[in-house]
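Student: Protein chains in written order, with the working numbering: chain R, 1 to 314; chain Y, 1001 to 1403. Every residue gets a Cβ at the ideal spot worked out from N, C-alpha and C, and that includes glycine. Shown below is the structure under consideration.
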Amino acid sequence: MTKIEFNKDTKFSMKHNKKTDRIMQNILLIPTVLSASFVLMILIFISQRGVAPFLPSEYGNESVNFLRFITGVTWYQPPNSYGIFFIVVNTVFVVALSSLIAVPISVFTALYIAKMTPKPISKFFQTIIELLASVPSIVFGVFGLGVITKVVLWIASIFGLQTAGGISTLATVFVLAMMILPTITLLSITAINSVNLDLEKNSLALGASKMQTYFKVTLVSAKSGIFAGIILGIGRALGEATAVSMVAGNAGSGPSFDLFSTTRTLTSTMLLGLKETTGLDYDIRFSVGMVLILLIILTNLGLNYLKKKVGRFS
Amino acid sequence: MKHSKRRRLDFLFQGVITITSMIGLFLLIAIFAYVFKQGSGLLSWDLLTSDYYATTYDTYYSDQLGDEVFEKPSHLDESVYFSSKWGIGFSTALDNEGKSYMLIAYIDSNSPLRILPDKNNEGEVVEITENQALLKVIFTNYTIIMSSEGPENAANLFDAADGIIDMITTTSGKGIRGSIITTLYLIILTLIIALPIGVLSAIYLREFAPKKSKIVEILRRLIEMLTGVPSIIFGLLGAAVFIPFTSTFTAADGGNLISGALTLAVIVLPVIITSTDEALKVIPDDFRQASLALGATKTQTTFKVVLKSAIPGILSAVLLSVGRIIGESAALIYAIGTAIKDQIILTERSTSLAVHIWSIMAGETPNFELASAISIIILAVVLVLNLIVKFIANKLSYESRTS
Chain R
1 MTKIEFNKDT KFSMKHNKKT DRIMQNILLI PTVLSASFVL MILIFISQRG
51 VAPFLPSEYG NESVNFLRFI TGVTWYQPPN SYGIFFIVVN TVFVVALSSL
101 IAVPISVFTA LYIAKMTPKP ISKFFQTIIE LLASVPSIVF GVFGLGVITK
151 VVLWIASIFG LQTAGGISTL ATVFVLAMMI LPTITLLSIT AINSVNLDLE
201 KNSLALGASK MQTYFKVTLV SAKSGIFAGI ILGIGRALGE ATAVSMVAGN
251 AGSGPSFDLF STTRTLTSTM LLGLKETTGL DYDIRFSVGM VLILLIILTN
301 LGLNYLKKKV GRFS
Chain Y
1001 MKHSKRRRLD FLFQGVITIT SMIGLFLLIA IFAYVFKQGS GLLSWDLLTS
1051 DYYATTYDTY YSDQLGDEVF EKPSHLDESV YFSSKWGIGF STALDNEGKS
1101 YMLIAYIDSN SPLRILPDKN NEGEVVEITE NQALLKVIFT NYTIIMSSEG
1151 PENAANLFDA ADGIIDMITT TSGKGIRGSI ITTLYLIILT LIIALPIGVL
1201 SAIYLREFAP KKSKIVEILR RLIEMLTGVP SIIFGLLGAA VFIPFTSTFT
1251 AADGGNLISG ALTLAVIVLP VIITSTDEAL KVIPDDFRQA SLALGATKTQ
1301 TTFKVVLKSA IPGILSAVLL SVGRIIGESA ALIYAIGTAI KDQIILTERS
1351 TSLAVHIWSI MAGETPNFEL ASAISIIILA VVLVLNLIVK FIANKLSYES
1401 RTS
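Here is the structure:
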C-alpha cells in the first residue's frame, strides 16, 4: 500500500484553498444578486414613473385624476383626463375568449401527441408545436394583419356585419389564441406524460375504452399540470403586445363586447401612438404598465387559488 | 348494442382529437405560406445590402466625349435598351408600391457616366451604379428624358446627345442593411453583458450557494419571476432605467443601442441562467468529487471541470438568447425607438429587424411585402436556432443515457 505523506505545506494550502473558495463564493454572489434585483427594479422604477402623472407635485394642474383614471370609459379626453377601466375589461374579455378557444385545442393536441400516435409522428408534431412557440410576436402580427383580419372580414360578411377592415376584437382573440396554443400544449404534454401509467392500465383492465380512460383517468390526473399551462398561457396573453397592437385597432372608448368592432387592450394602449418620450402622454403609459403588472399578478394569484381548489376535489 | 354505440363514440372522439391536433401544423404552414407568398419576391441580396432611405444624386457631364463605342453585353436580354455611345442600359422595373420606373440595368465599367461630379457638393463625385433609378436627364442639346419616357426612348436620346447638363438618379432604398447591422450589434452587446452575469449566477446557485439558505431561496424566486414578465414591461424598465443610465455615461441622448442591449440582457438573463443550470444539474457528482479528491479547490473544480462539461448547455443558452433577441419587438420599441436608420451608431437610435417590421407596418399604409420578406429572414434564423438547440439537447440526453 502506498503511504500518503502530508507535509506542512499541504495543511497550509488546504486552509488557503478554503479561503479562495470563500472569496469566490462572495464574488459569485454579486452577479446573482444583480440578476435577482431586476424584478425589484421593474417594480420600483415603473411605479415611480407610473405614479408621477397623478401627483400635483409633478404635473401641477395637469395632473391626472386618479379616480377618473381607474373608473374611466374613455381613454383620453383633452387636456388631462385618462380612463383605463374599460381597457382592463376589454383586455380580460379578449384574453378569456382566446383561452376558451386555445385550451380545448391545446389539450386535445397534447393528448394526441402524448398518447395517441406512434413515437415518430408524435415527435414530429411536438417539434411543430415547439417551432410554433418560437415564432416571434411580430411575425404573428404580420400574419394577423395580413390573414386573420381577412378571415374576420369574411366571417363578418357571412353575418352581414360591418367591421373596420377586419381589425377587431375577434381578430385579436384569434391571434392571441394562436400564440398561447403552443405554451398550453407543451405544458399539457409534460403533465400527461407524467401521469402514472398503472392508472391507465387499471382503467383499461376494468373494461373502459381508450377514450374513456384518456378523458376520465389521464386528463383528470394531469389536471393540475394542465392548469399550470393554462395559467402560463393566460399570463402570456395578458402581456402580449406587438401582435395584439397590430390587429386591435385601439378603440377610443368602451368597454366593447362586440366581436367585430375595434378594441383596446392595456398593451396596445402602451404601444400605439408612441411619439414623444417625455411628458404626460408618455408617463401615463407607465401607469398603464403598472395596471398591467397588477392585473397579471392578481390573475396569477386567482388562478393559482382556483388550481388548488380544483386539485383538492380530485 | 351498447358496445357498438361506445365504439362509435370512441371513434368520433378519436377523429375530433386527431383533426384538432392538426391545427398547430396547419397554423405553422399557413404562417410560412403567407410570408413566403408575400415576401419571397422581394427577398434578394440587394434587399439585404442596400439602404432603407433612397439617396438622390444630381450630376452633370461636361467633358469631351471620347470616340469609344460600347458593346451591349450578351447576358442582357431584350428588355434592356443599350446606349452604345455612353455604355449604359435601361429597363423598366416596379418599385415596392408597384409603380414602374426607369432602372439603370447596366453600366459599363469604362462608361463616362461611371463617376460624375456632384452638383450639390462642389468638388465631390457621385458614383452611378446599376440598380439606380433614372429620374430625369437634360442634355446639352436640350432634349429631356423624364422617368416616364420608357427605356427605348431613353437609350436613343442618350445616343443622340454629346453632353449632359443635369442628370438625376436615385438609389432604390427600402433595403434593410441598417437593421441587419443593428440586430448583429444588439446580439453581440447583449451576449457580452448577459452571458457572464447569467453563467456566473447559475454557477453560484448550483455550485456555491449554501444549501437551505432562506436568502438564496429568495434570490432564486426573484430570478424565476423574470420569466413571467411580459416583454413590454421590460421595455418600460429600459425606458425608465437604462435610457437615463446610458444618457449619463455616454454621448447618447434618448434611446440608443446600448440601452436596448441592456434591456435585452435582462430579458435573456433567465434563459441563460435556466439553461446553464440545467446543464450543471446533469453533470454527475463523480466529476466534482474526483476533482476535489485530486486536491483541486472547489473554485478550480467548478471552472475547470464542471464548467467544461456544461459548455453544450451554455451554447444552447446562447442560441436561445439569439433567437429571443432577433424576435424581440415590444421591449425595443420602448428601449430604443422605432426610427429606421442607415448609419448605425451605438449611442443613437436604430431598429432591429423585428422593430423594422413594426415601423413599416404601424403606419397608415403597411408594407406587407417588405414586412413579409423580413419575417422570412427572422423565421428562418429563429427556427434553425431552435432546431439546433433541440439537436444539442437530444444528443446530450442520448450521451447521458449511454454513458
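By a C-beta neighbour count over all protein chains shown, 10 Å radius and 16 as the cutoff for buried, is residue 1143 of chain Y buried or exposed?
Tutor: So residue 1143 of chain Y counts as exposed.
Student: Considering residue 1117 of chain Y, what are the terminal residues of the beta strand (DSSP E) in which it resides?
Tutor: Its beta strand (DSSP E) spans residues 1115 to 1117.
Student: Taking Cβ to Cβ, would you say residue 146 of chain R is nearer than 9 Å to residue 175 of chain R?
Tutor: No.
Student: Can you list, in chain order, the residues of its chain with a C-beta nearer than 6 Å to that of residue 58 of chain R? Leave out the 5 residues immediately preceding and following it.
Tutor: Same-chain partners within the cutoff: 52.
Student: I'd like to know if residue 205 of chain R contacts chain Y, where contact means its C-beta is closer than 9 Å to some C-beta of that chain.
Tutor: Cβ-Cβ to chain Y under 9 Å: no for residue 205 of chain R.
Student: In the structure shown, what three-state DSSP assignment does residue 214 of chain R receive?
Tutor: Of the three classes helix, strand and coil, the one that applies to residue 214 of chain R here is helix, per DSSP.
Student: Please report the straight-line C-alpha distance between residue 170 of chain R and residue 1274 of chain Y, rounded to a whole angstrom.
Tutor: If you take the alpha carbons of residue 170 of chain R and residue 1274 of chain Y, they lie about 36 Å apart.
Student: Could you name the residues of the same chain whose beta carbon sits closer than 7 Å to that of residue 1267 of chain Y, not counting the 5 residues immediately before and after it, in chain order?
Tutor: Cβ within range, chain order: 1231, 1234, 1324, 1328, 1331.
Student: Around the Cβ of residue 309 of chain R, are there at least 16 other Cβ atoms within 10 angstroms (buried) or fewer (exposed)?
Tutor: It is exposed - the Cβ of residue 309 of chain R has fewer than 16 other Cβ atoms within 10 Å.
Student: Write down the C-beta distance between residue 300 of chain R and residue 272 of chain R rounded to the nearest angstrom, noting that I regard them as a contact closer than 8 Å.
Tutor: The Cβ separation is near 26 Å, so there is no contact.
Student: As an exercise, report each continuous beta strand (DSSP E) stretch of at least 3 residues that is fully enclosed by the segment 185 to 250 of chain R, in chain order.
Tutor: For the segment 185 to 250 of chain R, not a single whole beta strand (DSSP E) run of length 3 or above is found.
Student: For residue 1170 of chain Y, tell me which candidate among Y:1126, Y:1157, Y:1141, Y:1088 has the shortest Cα-Cα distance.
Tutor: Taking only the C-alpha atoms, the option nearest residue 1170 of chain Y is Y:1126.
Student: Below 7 Å on C-beta distance, what does residue 309 of chain R contact in chain Y?
Tutor: By Cβ distance, chain Y contributes nothing, its closest Cβ being about 22 Å from residue 309 of chain R, past 7 Å.
Student: Tell me the rounded alpha-carbon separation between residue 78 of chain R and residue 1242 of chain Y.
Tutor: Answer to the nearest angstrom: the Cα atoms are 31 Å apart.
Student: Ignore the nearest five residues each way along the sequence and tell me which others in residue 1397 of chain Y's own chain have a CB closer than 6 Å to its CB.
Tutor: Nothing meets the Cβ criterion.
Student: Scan the segment 126 to 157 of chain R for residues whose Cβ lies nearer than 9 Å to a Cβ of chain Y and list them as they occur along the chain.
Tutor: Listed by position, the residues of the segment 126 to 157 of chain R near chain Y (Cβ gap below 9 Å) are 127, 128, 129, 130, 131, 132, 133, 134, 135, 136, 137, 138, 139, 140, 141, 142, 143, 145, 146, 147.
Student: Return the CA-CA distance between residue 228 of chain R and residue 187 of chain R, expressed in angstroms with no decimal places.
Tutor: About 8 Å.
Student: If you measure from the beta carbon of residue 240 of chain R to each beta carbon in chain Y, is any gap under 9 Å?
Tutor: Closer than 9 Å: yes.
Student: Mark residue 31 of chain R as exposed unless 16 or more other C-beta atoms lie within 10 angstroms of its C-beta, in which case mark it buried.
Tutor: Burial call: buried.
Student: Which residue wins for smallest C-alpha separation from residue 1376 of chain Y, given the options Y:1005, Y:1036, Y:1197, Y:1044?
Tutor: Comparing Cα-Cα distances from residue 1376 of chain Y to each of Y:1005, Y:1036, Y:1197, Y:1044, the minimum goes to Y:1036.
Student: My assumption, with CB atoms under 8 Å, is that residue 1246 of chain Y sits in contact with residue 1259 of chain Y. Please give the rounded CB distance.
Tutor: Right, their Cβ atoms sit about 5 Å apart.
Student: Is the beta carbon of residue 42 of chain R sitting closer than 9 Å to the one on residue 1236 of chain Y?
Tutor: Going by C-beta atoms, residue 42 of chain R is nearer than 9 Å to residue 1236 of chain Y.
Student: Between which two residues does the alpha helix (DSSP H) carrying residue 1225 of chain Y extend?
Tutor: Start and end: 1214 to 1226.
Student: Does DSSP put residue 1089 of chain Y in a helix, a strand or coil?
Tutor: Of the three classes helix, strand and coil, the one that applies to residue 1089 of chain Y here is strand, per DSSP.
Student: Would you verify that the beta carbon of residue 1220 of chain Y is, or is not, closer than 9 Å to some beta carbon of chain R?
Tutor: Cβ-Cβ to chain R under 9 Å: yes for residue 1220 of chain Y.
Student: Around the Cβ of residue 1062 of chain Y, are there at least 16 other Cβ atoms within 10 angstroms (buried) or fewer (exposed)?
Tutor: So residue 1062 of chain Y ends up on the exposed side.
Student: According to the neighbour-count rule (16 or more other Cβ atoms, all chains shown, within 10 Å of its Cβ), is residue 1343 of chain Y buried or exposed?
Tutor: Exposed, since its Cβ has fewer than 16 Cβ neighbours within 10 Å.
Student: In the segment 1315 to 1353 of chain Y, which residue ranges form an unbroken alpha helix (DSSP H) of at least 4 residues, counting only runs that do not cross its ends?
Tutor: Runs of the alpha helix (DSSP H) inside the segment 1315 to 1353 of chain Y: 1330 to 1335.
Student: Can you look up residue 1310 of chain Y in the DSSP assignment and give me helix, strand or coil?
Tutor: Coil.
Student: So for residue 274 of chain R, helix, strand or coil by DSSP?
Tutor: In this structure, residue 274 of chain R counts as coil in the three-state DSSP scheme.
Student: In angstroms with no decimal places, state the Cα-to-Cα distance between residue 8 of chain R and residue 1312 of chain Y.
Tutor: With a pLDDT of only 49 at residue 8 of chain R, under 50, the local geometry of the prediction cannot be trusted, and no value is derived from it.
Student: Taking 9 Å as the cut-off, decide whether the C-beta atoms of residue 102 of chain R and residue 189 of chain R are in contact.
Tutor: Going by C-beta atoms, residue 102 of chain R is not nearer than 9 Å to residue 189 of chain R.
Student: Rank Y:1084, Y:1255, Y:1314 by C-alpha distance to the C-alpha of residue 1068 of chain Y and give the top, closest one.
Tutor: Ranking Y:1084, Y:1255, Y:1314 by Cα distance to residue 1068 of chain Y puts Y:1084 first.
Student: With distances taken Cα to Cα, identify the nearest neighbour of residue 238 of chain R among R:293, R:20, R:74.
Tutor: That would be R:293, whose Cα lies nearest to the Cα of residue 238 of chain R.
Student: At a CB-CB cut-off below 7 Å, which residues of chain Y make contact with residue 179 of chain R?
Tutor: In chain order: nothing, as chain Y lies at least about 10 Å away.
Student: Measure the Cβ-Cβ separation of residue 1203 of chain Y and residue 1297 of chain Y and say whether it is below 9 Å.
Tutor: Contact: no.
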